[in-house]
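Peer 1: So that we are looking at the same thing, I have put the structure below in C-alpha coordinates.
Numbering (the numbering used here), first residue to last: 1305 to 1539.
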(Lines of atoms letter the chains of each structure in order from A and count residues from 1; the text may use other names and numbers.)
(Lines give C-alpha, C1' and ligand atoms only; values in the text may rest on other atoms or scores of the structure.)
Protein backbone atom coordinates (compact mmCIF):
# COMPACT_ATOMS: atom_id res chain seq x y z
CA UNK A 1 0.00 0.00 0.00
CA UNK A 2 2.79 2.38 -0.90
CA UNK A 3 6.25 3.20 0.48
CA UNK A 4 5.05 5.35 3.38
CA UNK A 5 3.27 4.36 6.59
CA UNK A 6 0.83 6.51 8.54
CA UNK A 7 2.37 5.25 11.79
CA UNK A 8 5.90 5.89 13.04
CA UNK A 9 6.87 2.85 15.13
CA UNK A 10 10.25 3.34 16.76
CA UNK A 11 11.63 -0.08 15.77
CA UNK A 12 10.78 0.25 12.08
CA UNK A 13 12.71 1.93 9.27
CA UNK A 14 9.80 2.24 6.84
CA UNK A 15 9.32 5.90 5.94
CA UNK A 16 6.60 7.84 7.75
CA UNK A 17 3.84 9.49 5.74
CA UNK A 18 1.65 7.69 3.17
CA UNK A 19 2.05 8.93 -0.39
CA UNK A 20 -0.19 7.00 -2.77
CA UNK A 21 -2.20 3.85 -3.32
CA UNK A 22 -1.49 2.06 -6.58
CA UNK A 23 -4.74 0.54 -7.90
CA UNK A 24 -2.69 -1.76 -10.10
CA UNK A 25 -0.73 -3.22 -7.20
CA UNK A 26 -2.92 -6.33 -6.69
CA UNK A 27 -2.28 -7.49 -10.24
CA UNK A 28 1.41 -6.62 -10.03
CA UNK A 29 1.79 -8.70 -6.87
CA UNK A 30 -0.11 -11.57 -8.49
CA UNK A 31 2.14 -11.50 -11.56
CA UNK A 32 5.23 -11.48 -9.34
CA UNK A 33 3.95 -14.47 -7.37
CA UNK A 34 3.32 -16.33 -10.62
CA UNK A 35 6.73 -15.45 -12.05
CA UNK A 36 8.41 -16.70 -8.89
CA UNK A 37 6.26 -19.86 -8.94
CA UNK A 38 5.39 -19.34 -5.29
CA UNK A 39 3.42 -21.96 -3.40
CA UNK A 40 2.96 -19.81 -0.29
CA UNK A 41 2.63 -16.04 -0.41
CA UNK A 42 2.96 -13.75 2.61
CA UNK A 43 1.46 -10.30 2.04
CA UNK A 44 2.46 -7.51 4.39
CA UNK A 45 1.65 -3.84 4.16
CA UNK A 46 2.08 -0.41 5.59
CA UNK A 47 -0.59 1.00 7.89
CA UNK A 48 -2.89 3.44 6.10
CA UNK A 49 -4.95 5.37 8.64
CA UNK A 50 -5.61 7.93 5.92
CA UNK A 51 -7.87 5.50 4.04
CA UNK A 52 -11.50 5.14 5.09
CA UNK A 53 -11.26 1.34 5.38
CA UNK A 54 -7.59 1.26 6.38
CA UNK A 55 -6.84 -0.43 3.07
CA UNK A 56 -8.96 -3.53 3.68
CA UNK A 57 -10.40 -3.54 0.17
CA UNK A 58 -6.93 -3.16 -1.32
CA UNK A 59 -5.51 -6.02 0.74
CA UNK A 60 -8.47 -8.23 -0.12
CA UNK A 61 -8.13 -7.39 -3.81
CA UNK A 62 -4.47 -8.41 -3.66
CA UNK A 63 -5.34 -11.72 -2.02
CA UNK A 64 -7.99 -12.42 -4.63
CA UNK A 65 -5.65 -11.49 -7.50
CA UNK A 66 -2.96 -13.84 -6.24
CA UNK A 67 -5.41 -16.69 -5.76
CA UNK A 68 -6.88 -16.13 -9.25
CA UNK A 69 -3.43 -16.05 -10.88
CA UNK A 70 -1.67 -18.75 -8.84
CA UNK A 71 -4.57 -21.04 -8.04
CA UNK A 72 -2.57 -23.52 -5.96
CA UNK A 73 -0.87 -20.91 -3.78
CA UNK A 74 -1.89 -20.32 -0.19
CA UNK A 75 -1.89 -16.70 0.97
CA UNK A 76 -1.03 -15.40 4.43
CA UNK A 77 -1.81 -11.79 5.28
CA UNK A 78 0.13 -9.76 7.83
CA UNK A 79 -2.46 -7.06 8.39
CA UNK A 80 -2.38 -3.66 10.08
CA UNK A 81 -4.99 -2.91 12.74
CA UNK A 82 -7.31 -1.03 10.35
CA UNK A 83 -7.74 1.60 13.11
CA UNK A 84 -9.75 -0.96 15.06
CA UNK A 85 -12.59 -1.16 12.54
CA UNK A 86 -14.19 -4.58 12.80
CA UNK A 87 -15.79 -4.37 9.37
CA UNK A 88 -12.36 -3.97 7.76
CA UNK A 89 -10.91 -6.84 9.80
CA UNK A 90 -13.81 -9.09 8.80
CA UNK A 91 -13.35 -8.11 5.14
CA UNK A 92 -9.79 -9.43 5.11
CA UNK A 93 -10.39 -12.35 7.48
CA UNK A 94 -13.18 -13.61 5.22
CA UNK A 95 -11.00 -13.48 2.09
CA UNK A 96 -9.54 -16.75 0.72
CA UNK A 97 -6.51 -16.69 3.04
CA UNK A 98 -4.60 -19.40 4.87
CA UNK A 99 -3.58 -17.25 7.83
CA UNK A 100 -4.55 -13.85 9.23
CA UNK A 101 -1.56 -12.34 10.95
CA UNK A 102 -1.38 -9.20 13.03
CA UNK A 103 1.62 -8.44 15.21
CA UNK A 104 1.34 -7.06 18.72
CA UNK A 105 5.12 -6.44 18.45
CA UNK A 106 5.85 -5.69 22.12
CA UNK A 107 4.44 -5.72 25.65
CA UNK A 108 1.72 -3.21 26.60
CA UNK A 109 3.96 -1.25 29.01
CA UNK A 110 6.23 -0.23 26.11
CA UNK A 111 3.58 0.73 23.57
CA UNK A 112 3.82 4.49 24.19
CA UNK A 113 7.52 4.59 23.36
CA UNK A 114 7.68 1.78 20.81
CA UNK A 115 4.37 1.91 18.94
CA UNK A 116 2.91 5.45 19.13
CA UNK A 117 -0.48 5.45 17.43
CA UNK A 118 -1.08 1.76 18.17
CA UNK A 119 -3.03 0.31 21.07
CA UNK A 120 -2.42 -3.09 22.64
CA UNK A 121 -6.10 -3.76 23.35
CA UNK A 122 -6.99 -2.75 19.80
CA UNK A 123 -4.53 -5.28 18.41
CA UNK A 124 -6.00 -8.00 20.63
CA UNK A 125 -9.46 -7.07 19.35
CA UNK A 126 -8.27 -7.34 15.74
CA UNK A 127 -6.98 -10.86 16.37
CA UNK A 128 -10.12 -11.84 18.25
CA UNK A 129 -12.38 -10.59 15.44
CA UNK A 130 -10.34 -12.41 12.81
CA UNK A 131 -10.55 -15.66 14.79
CA UNK A 132 -14.27 -15.21 15.29
CA UNK A 133 -14.61 -14.76 11.51
CA UNK A 134 -13.07 -18.22 11.10
CA UNK A 135 -9.50 -17.30 10.22
CA UNK A 136 -6.43 -19.12 11.51
CA UNK A 137 -4.65 -16.35 13.40
CA UNK A 138 -1.02 -15.56 14.08
CA UNK A 139 0.93 -12.88 15.91
CA UNK A 140 4.55 -11.96 16.57
CA UNK A 141 6.69 -10.07 19.05
CA UNK A 142 10.17 -8.61 19.10
CA UNK A 143 12.16 -8.91 22.31
CA UNK A 144 15.08 -6.74 23.30
CA UNK A 145 13.14 -3.48 23.58
CA UNK A 146 13.12 -3.37 27.37
CA UNK A 147 10.50 -5.95 28.26
CA UNK A 148 10.73 -8.55 31.02
CA UNK A 149 10.13 -12.27 30.56
CA UNK A 150 6.99 -12.27 32.71
CA UNK A 151 5.56 -9.51 30.51
CA UNK A 152 6.20 -11.57 27.38
CA UNK A 153 4.50 -14.55 28.99
CA UNK A 154 1.53 -12.34 29.88
CA UNK A 155 1.25 -11.32 26.22
CA UNK A 156 1.31 -14.97 25.20
CA UNK A 157 -1.58 -15.65 27.57
CA UNK A 158 -3.49 -12.70 26.12
CA UNK A 159 -2.93 -13.96 22.58
CA UNK A 160 -4.21 -17.41 23.46
CA UNK A 161 -7.24 -15.89 25.18
CA UNK A 162 -8.33 -14.31 21.87
CA UNK A 163 -7.81 -17.49 19.86
CA UNK A 164 -4.36 -16.94 18.32
CA UNK A 165 -2.97 -20.29 17.14
CA UNK A 166 0.54 -19.42 15.92
CA UNK A 167 3.14 -17.16 17.51
CA UNK A 168 6.58 -15.99 16.44
CA UNK A 169 9.13 -14.29 18.71
CA UNK A 170 12.43 -12.85 17.52
CA UNK A 171 15.21 -10.55 18.67
CA UNK A 172 14.99 -6.85 17.86
CA UNK A 173 17.93 -5.56 15.82
CA UNK A 174 18.30 -1.81 15.33
CA UNK A 175 17.79 -1.01 11.61
CA UNK A 176 19.55 2.38 11.73
CA UNK A 177 20.66 4.85 14.37
CA UNK A 178 17.31 6.62 13.96
CA UNK A 179 15.48 3.71 15.61
CA UNK A 180 15.47 2.60 19.24
CA UNK A 181 18.67 1.14 20.60
CA UNK A 182 18.65 -2.54 21.61
CA UNK A 183 17.98 -2.76 25.34
CA UNK A 184 19.02 -6.40 25.64
CA UNK A 185 20.05 -9.39 23.57
CA UNK A 186 18.18 -12.52 24.61
CA UNK A 187 20.20 -15.73 24.58
CA UNK A 188 19.31 -19.02 22.85
CA UNK A 189 18.19 -20.63 26.12
CA UNK A 190 15.74 -17.79 26.76
CA UNK A 191 14.15 -18.31 23.35
CA UNK A 192 13.91 -22.05 23.93
CA UNK A 193 12.10 -21.37 27.20
CA UNK A 194 9.67 -18.97 25.51
CA UNK A 195 8.89 -21.54 22.82
CA UNK A 196 8.29 -24.25 25.41
CA UNK A 197 6.04 -21.90 27.38
CA UNK A 198 4.03 -21.02 24.27
CA UNK A 199 3.49 -24.66 23.37
CA UNK A 200 2.46 -25.44 26.93
CA UNK A 201 -0.14 -22.67 26.69
CA UNK A 202 -1.72 -24.39 23.70
CA UNK A 203 -0.36 -22.59 20.66
CA UNK A 204 -0.49 -24.95 17.70
CA UNK A 205 2.93 -23.74 16.63
CA UNK A 206 5.57 -21.42 18.08
CA UNK A 207 8.76 -20.21 16.44
CA UNK A 208 11.12 -18.49 18.90
CA UNK A 209 14.72 -17.67 17.98
CA UNK A 210 16.81 -14.53 17.40
CA UNK A 211 16.26 -14.26 13.66
CA UNK A 212 12.61 -15.32 13.65
CA UNK A 213 10.13 -12.89 12.12
CA UNK A 214 6.43 -13.32 11.41
CA UNK A 215 7.13 -14.76 7.94
CA UNK A 216 9.72 -17.25 9.22
CA UNK A 217 9.04 -20.66 7.62
CA UNK A 218 5.45 -19.45 7.20
CA UNK A 219 4.44 -22.00 4.58
CA UNK A 220 5.88 -24.97 6.48
CA UNK A 221 4.28 -23.83 9.72
CA UNK A 222 0.89 -23.37 8.06
CA UNK A 223 0.98 -26.81 6.46
CA UNK A 224 2.00 -28.40 9.75
CA UNK A 225 -0.70 -26.60 11.72
CA UNK A 226 -3.42 -27.05 9.12
CA UNK A 227 -2.71 -30.76 8.89
CA UNK A 228 -3.07 -31.11 12.65
CA UNK A 229 -6.33 -29.17 12.97
CA UNK A 230 -9.67 -30.96 13.21
CA UNK A 231 -11.28 -31.26 9.78
CA UNK A 232 -14.18 -29.02 10.81
CA UNK A 233 -11.69 -26.27 11.77
CA UNK A 234 -9.43 -26.72 8.76
CA UNK A 235 -12.27 -26.64 6.22
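Quick reminder that beta carbons are idealized off the backbone N, C-alpha and C, glycines included.
#1: Curious, which full-length alpha helix (DSSP H) runs of at least 4 residues does the region 1446-1530 contain?
#2: Between residue 1308 and residue 1321, is the Cβ-Cβ spacing less than 8 Å?
#3: The alpha helix (DSSP H) with residue 1417 in it runs from where to where?
#4: Where do the ends of the alpha helix (DSSP H) carrying residue 1363 lie?
#5: So the alpha helix (DSSP H) residue 1346 belongs to, where does it begin and stop?
#6: Pairs of beta-carbons, one from the region 1479-1497 and one from the region 1510-1522, closer than 8 Å: are there three or more?
#7: Applying the criterion that 16 or more other CB atoms from any shown protein chain within 10 Å of the CB defines a buried residue, is residue 1451 buried or exposed?
#8: Looking only at its chain, what residues have a beta carbon closer than 7 Å to the beta carbon of residue 1506, apart from the 5 residues adjacent to it on each side?
#9: Classify residue 1502 as buried or exposed, calling it buried when 16 or more other Cβ atoms lie within 10 Å of its own Cβ.
#10: CB-CB under 7 Å to residue 1520, same chain, minus the five flanking residues each way: which ones, in chain order?
#11: Would you identify the three-state DSSP class for residue 1409, choosing helix, strand or coil?
#12: For the alpha helix (DSSP H) that residue 1329 lies in, which residues bound it at each end?
#13: Alpha carbon to alpha carbon, how far is residue 1387 from residue 1410?
#14: Is the region 1475-1482 touching the region 1424-1438, taking contact as three or more C-beta pairs under 8 Å?
#15: In its own chain, which residues sit with a C-beta less than 6 Å from the C-beta of residue 1553, not counting the 5 before and 5 after it?
#16: From the DSSP output, in three-state form, read off residue 1318 for me.
#17: Any idea which residues DSSP pairs residue 1441 with across the strands?
#18: Give every residue of the same chain whose Cβ lies closer than 7 Å to the Cβ of residue 1429, excluding the five residues on either side of it in the sequence, and list them in chain order.
#19: Could you give the residue range of the alpha helix (DSSP H) that holds residue 1431?
#20: How far does the alpha helix (DSSP H) with residue 1395 in it extend, from its first residue to its last?
#21: For the region 1311-1318 and the region 1411-1426, state whether three or more C-beta atom pairs, one from each stretch, are separated by less than 8 Å.
#22: Out of 1353, 1528, 1370, point me to the one whose CA is closest to residue 1325's CA.
Peer 2: Reading it off the structure:
#1: 1453-1465, 1492-1505
#2: yes
#3: 1415-1418
#4: 1360-1373
#5: Per DSSP, residue 1346 belongs to no alpha helix (DSSP H); it is in the beta strand (DSSP E), 1344-1348.
#6: yes
#7: buried
#8: 1464
#9: buried
#10: 1472, 1511
#11: strand
#12: 1329-1339
#13: 18 Å
#14: no
#15: As displayed, the chain neither begins before 1305 nor continues past 1539, which places residue 1553 out of reach and without an answer.
#16: coil
#17: 1404
#18: 1388
#19: 1424-1436
#20: 1390-1397
#21: yes
#22: 1353
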